[in-house]
Amino acid sequence: MNILFERTHQRSFGTWPLNGRQLLNALQNAIETGYRAIDTAQLYDNETGVGSSLRAIGIPRRELCITTKIAPANDSDERFMPSLRESLEKLKIDQADVLLLHWPPADGDVAPSVRRLEQAARAGLTRHIGVSNFTAAMMRAARAATALPLVTNQVEFHPLLNQRVLLDTASETGIPLSSYCSVARGEIFNYPLFGEIGARYGKSAAQVALRWILQQGVPINTMSTQRRNIEANFDVMDFTLSSIDMHRIDALTGTNYRIVNRERVPLAPEFD
Numbered sequence: 001m002n003i004l005f006e007r008t009h010q011r012s013f014g015t016w017p018l019n020g021r022q023l024l025n026a027l028q029n030a031i032e033t034g035y036r037a038i039d040t041a042q043l044y045d046n047e048t049g050v051g052s053s054l055r056a057i058g059i060p061r062r063e064l065c066i067t068t069k070i071a072p073a074n075d076s077d078e079r080f081m082p083s084l085r086e087s088l089e090k091l092k093i094d095q096a097d098v099l100l101l102h103w104p105p106a107d108g109d110v111a112p113s114v115r116r117l118e119q120a121a122r123a124g125l126t127r128h129i130g131v132s133n134f135t136a137a138m139m140r141a142a143r144a145a146t147a148l149p150l151v152t153n154q155v156e157f158h159p160l161l162n163q164r165v166l167l168d169t170a171s172e173t174g175i176p177l178s179s180y181c182s183v184a185r186g187e188i189f190n191y192p193l194f195g196e197i198g199a200r201y202g203k204s205a206a207q208v209a210l211r212w213i214l215q216q217g218v219p220i221n222t223m224s225t226q227r228r229n230i231e232a233n234f235d236v237m238d239f240t241l242s243s244i245d246m247h248r249i250d251a252l253t254g255t256n257y258r259i260v261n262r263e264r265v266p267l268a269p270e271f272d
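Residue numbers (full-length UniProt numbering): 1 to 272.
Rendered as structure tokens:
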């Protein structure tokens, strides 16, 4: 089974932009709630804090699934492996569970980057490899560049954005999607449909949005500093949206509300 589809790993706790005491408190609440998948990145500048916080919390390493991501500045033959070793040292671990390329290379040639991921896996520095923010064409190129499984393409995924092209490409390539910006940074709360549906299930608007994502076979990545929200984001496995409710939410994807684009993030490719 893909590591991200194990029940406790389908709900990952994101750590951007947390640091310091706020990061420690959030991770403490997340671990106590039941989260075991933790997501960080070199670009978040908090790997040291994540590592020290998890060490202070005292959770056994074998229970955790830790994802980190290689920054574009380190995606070169000279910097990739040294930067990964620095990340592992900061995280106080010998091996990442999942290592992703945070962004595709600017020239769009993903094969050298994927081969560096493969090198890291064969060196024992990560258990699994994957990508993030890849287009459909890049997913196909990545699949062709390695014989190793790519466990995910982590992308912006929420009910206000049509990602059908990437979902179809995930099925085609065997590279599953996983989500960030799962509630569109709160934009879903401007749509009464989520609250209306949630009332019938005894769930919140956010929980409905997260459940909609999960029912498409897409693991979720969420972040909050509030204990009640951390718990609510985790508590999405005990109900199933009807096909009618799924279709009603599907209709909102035509909004095509994209948060991460080239205007906001110059590293972004021209998304599908």
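Cβ atoms here follow ideal geometry from the backbone N, Cα and C, with glycine treated the same way.
Judged by DSSP secondary structure, ALA56 falls within the alpha helix (DSSP H) whose first and last residues are 47 to 57. Between SER171 and ILE213, the C-beta gap is not smaller than 9 angstroms, which leaves the two residues out of contact. Spanning the alpha carbons of GLN215 and VAL50 requires a straight line of approximately 30 angstroms. Going by C-alpha positions, PRO82 is about 11 angstroms away from ILE70.
For the pair PRO176 and LEU4, the CB atoms are nearer than the 9 angstroms cut-off. As computed with DSSP, LYS203 is found in no beta bridge at all.
Around the Cβ of ALA73, a 10 Å sphere holds fewer than 16 other Cβ atoms; the residue is exposed. In the same chain as MET246, and ignoring 5 residues on each side of it, the C-beta atoms closer than 7 angstroms to its own belong to TRP212 and GLN215, in chain order. In this structure, DSSP gives HIS158 a state outside helix and strand, which the three-state scheme calls coil. Between LEU100 and GLN154, the CB-CB gap stays under 9 angstroms. Ranked by how close their Cα comes to the Cα of TYR257, the residues ALA184, PHE239, ALA205 and THR222 have ALA184 in first place.
In this chain, HIS247 is not harboured by any beta strand (DSSP E); it is covered by the alpha helix (DSSP H) spanning 243 to 250. Residue burial annotation: THR240 is exposed, with fewer than 16 other C-beta atoms found within 10 angstroms of its C-beta. In the three-state reduction of the DSSP assignment, ARG36 falls in the coil class. Collapsing the DSSP output to three states places LYS90 in a helix. For ALA147, the closest C-alpha among the options ALA136, GLY130, THR15 and PHE157 is that of GLY130. Judged by DSSP in its simplified three-state form, ALA73 adopts helix. Contact check for ARG116 and ASP75: beta-carbon distance about 7 angstroms, within the 8 angstroms limit, so the pair qualifies.
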